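These notes are about the structure you will find just below.
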Amino acid sequence: MASGAAAGFALAAGSMLDARGARAAQMTFAVMHSDQEWKKMLTADQFAILRQAATERPFTSPLLEEHRHGVFSCAGCKQDAFSSTTKFESHTGWPSFWAPIAKTAVATLDDKSLGMDRTEVRCSRCGGHLGHVFDDGPKPTGLRYCMNGIALTFRPTPA
Ligand SMILES: [Zn+2]
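Given below as C-alpha cells:
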C-alpha cells in the first residue's frame, strides 16, 4: 500500500477540482485526508461545500436562527471558527459574522471564480471551504464573514 499522503495527492490531482480546489489541495494543513476519506467522514452536502467549495442555498441553514451563546466550529475537523458574540443579521440568507474566533482560525485566499473577485475563507486546520469574507460588514471590523451553515457545527456554551 502506498503512503496515505501520496495516495491522497494522486486522488486530489485526478479529481475535477477547479483552480481554487487545486490550489487548496496543494497547501499543507494539520488535518489532511483524501477525497475518499472525506466522503466517508462528511455528508454529501458537507463534502460539496467543504471540499469542493460549493455554496449552500440561501435561507436554508438552521444556524441562521441559532441565537444562543456558543461556538461555531468547522464541520470537517471541529476546529473552533466563530463565536456567537460576533454573529449578526446580514439578511443575506447565510450565517454571518464580523470576525473569526481567532485570527489563526481561518485562512483566506483570492477567489476569481464565477467572474467575481472575492476572498475565500477556509478552515486553517483542514483547509475546508467555509465561505467568503466581504468588506461591507458592521463595526467594529467592517467585515462580513458570509458562511455556509452546512460547513459549521454549533455548540452552546455558558454566556
Ligand atoms: Zn476544519
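Under the numbering used here, the very last position in the sequence shown is 152; numbers go up by exactly one each time. Glycine residues also receive a C-beta, built at the ideal position from the N, C-alpha and C atoms. Bear in mind the structure is a predicted one, so any value in this text is a computation, not a measurement.
Quick one: using the 10 Å Cβ neighbour count with 16 as the cut-off for buried, is residue i buried or exposed?
| i | result |
| --- | --- |
| tyrosine 138 | buried |
| glutamate 113 | buried |
| alanine 95 | exposed |
| glutamine 29 | exposed |
Assuming contact is defined by CB atoms lying nearer than 8 Å, are residue i and residue j in contact in what I supplied?
| i | j | result |
| --- | --- | --- |
| arginine 148 | glycine 86 | no |
| alanine 68 | valine 99 | no |
| serine 66 | isoleucine 143 | no |
| threonine 146 | serine 117 | no |
| arginine 115 | leucine 107 | no |
| glycine 121 | methionine 20 | no |
Near residue i, what residues of its chain come up, given a Cβ to Cβ distance below 8 Å and the 5 sequence neighbours on each side ignored?
| i | result |
| --- | --- |
| glycine 7 | With a pLDDT of only 32 at glycine 7, under the threshold of 50, the placement of this residue in the model should not be trusted; the figure read from the coordinates follows. Cβ within range, chain order: n/a, list empty. |
| glycine 130 | Phe81, Ser83, Ser89, Trp91, Leu136, Arg137 and Tyr138 |
| leucine 35 | Leu43, Arg44, Ala68 and Gly69 |
Tell me which residues share the same chain as residue i and place their Cβ nearer than 7 Å to its Cβ, disregarding the 5 neighbours each side in the sequence.
| i | result |
| --- | --- |
| asparagine 141 | Ile42, Thr48, Glu49, Trp87, Leu123 and Gly124 |
| arginine 111 | Asp104 and His125 |
| lysine 32 | Phe40 |
| serine 77 | Arg61, His62 and Gly63 |
| leucine 152 | This sequence places alanine at residue 152; leucine is not what is there. Closer than 7 Å at Cβ, skipping near neighbours: His62. |
| threonine 150 | His62, Gly63 and Val64 |
| phenylalanine 22 | Arg118, Cys119 and Gly120 |
Going along the chain, which residues of its own chain have a beta-carbon closer than 6 Å to the beta-carbon of residue i, five neighbours each way excluded?
| i | result |
| --- | --- |
| glutamate 59 | Phe147 |
| aspartate 38 | Ile143 |
- Quick one: residues with CB closer than 6 Å to any heavy atom of ligand 1, in chain order, please. Cys67, Gly69, Cys70, Gln72, Cys116, Arg118, Cys119 and Gly121
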